[in-house]
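Novice: My questions will all concern the structure given below.
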Amino acid sequence: MAHIVRWDPFRELRQMMNTPFDVDWEDDFGMNLAVDVSQDENNVYVEADLPGIDPEQVDITVTADQVTIEAERKEIIEEKDDSRSYLRRERRYGKVARTLALPYEVVGEDASADFEDGKLTLTLPKVEEIRPKQVKVTAKKKDS
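In our numbering, the protein residues as written are 31 to 174.
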């Protein structure tokens with residue numbers, strides 16, 4: 031059911047004036063580090079796309095309940111004809127970092143990282159007491 035609201039001619043004006051300050055600057059003007067986080071019984075997995083980034087320029091820090099991925103894409107300066115100038119320049123260069131809170135505590139010392147075709151995959155083993163355990167039920171026989 032719709033609510034009836036008195037029209038305020040200045041509401042739209044205020045919204046338009048606030049819009050320039052409501053910009054996601056990282057997404058619009060910098061590099062964004064998108065990740066997928068998944069799990070199985072024993073591990074938490076973090077996958078991140080890092081196209082064009084040298085694996086040597088990636089730093090990963092793991093604590094018990096968070097992981098930080100830092101990377102840098104350096105601009106390769108080539109000697110070009112000075113008569114050329116850019117008409118459009120969309121490729122981003124620079125540093126990017128992302129810290130994720132993990133859903134479970136992990137063992138940072140046993141973490142591993144693989145980098146293939148611009149895709150970073152972190153495998154973070156869960157702390158032993160967090161892992162699910164199977165409990166066998168034994169039935170006691172009644173004495174007749």
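A virtual CB, placed ideally from N, CA and C, is assigned to each residue, including glycine.
Values in this document were obtained by computation on a predicted structure and should not be read as measured data.
#1: When you compare each of Arg118, Gly124 and Gln69 to Ile106 by their alpha carbons, which one comes out closest?
#2: To the nearest angstrom, report how far apart Val136 and Glu159 are at their CA atoms.
#3: What residue from Thr98, Ser115, Lys172 and Lys163 has the CA that sits closest to Val65's CA?
#4: Are there 16 or more other CB atoms within 10 angstroms of the CB of Leu152, so buried, or fewer, so exposed?
#5: Which two residues bound the contiguous beta strand (DSSP E) that contains Glu146?
#6: Can the beta-carbon of Ala94 be found less than 8 Å from the beta-carbon of Val126?
#7: Taking 8 Å as the threshold (C-beta atoms), are Leu154 and Asn48 in contact?
#8: Closer than 6 Å by C-beta to Leu150: which residues in its own chain qualify, once you throw out the five before and the five after it? Chain order, please.
#9: Could you pull the start and end residues of the alpha helix (DSSP H) that Pro155 belongs to?
#10: Does the separation of the CB atoms of Glu42 and Pro162 fall below 8 Å?
#11: Grouping DSSP H, G and I as helix and E and B as strand, with all else coil, what is Gly82?
#12: Helix, strand or coil for Leu43, going by three-state DSSP, please let me know.
#13: Between the Cα of Arg128 and those of Asp89, Ser113, Tyr116 and Arg121, spot the shortest distance and give me the residue it belongs to.
Specialist: The answer reads as follows:
#1: By alpha-carbon distance to Ile106, the top candidate from Arg118, Gly124 and Gln69 is Gly124.
#2: 10 Å
#3: Thr98
#4: buried
#5: Start and end: Ser142 to Glu146.
#6: Using a Cβ distance threshold of 8 Å, Ala94 and Val126 do not count as a contacting pair.
#7: No, they are not a contact pair.
#8: Ala78 and Leu80
#9: Segment Lys149 to Pro155 is the beta strand (DSSP E) holding Pro155; no alpha helix (DSSP H) there.
#10: For Glu42 and Pro162, no; Cβs fall outside 8 Å.
#11: coil
#12: helix
#13: Asp89
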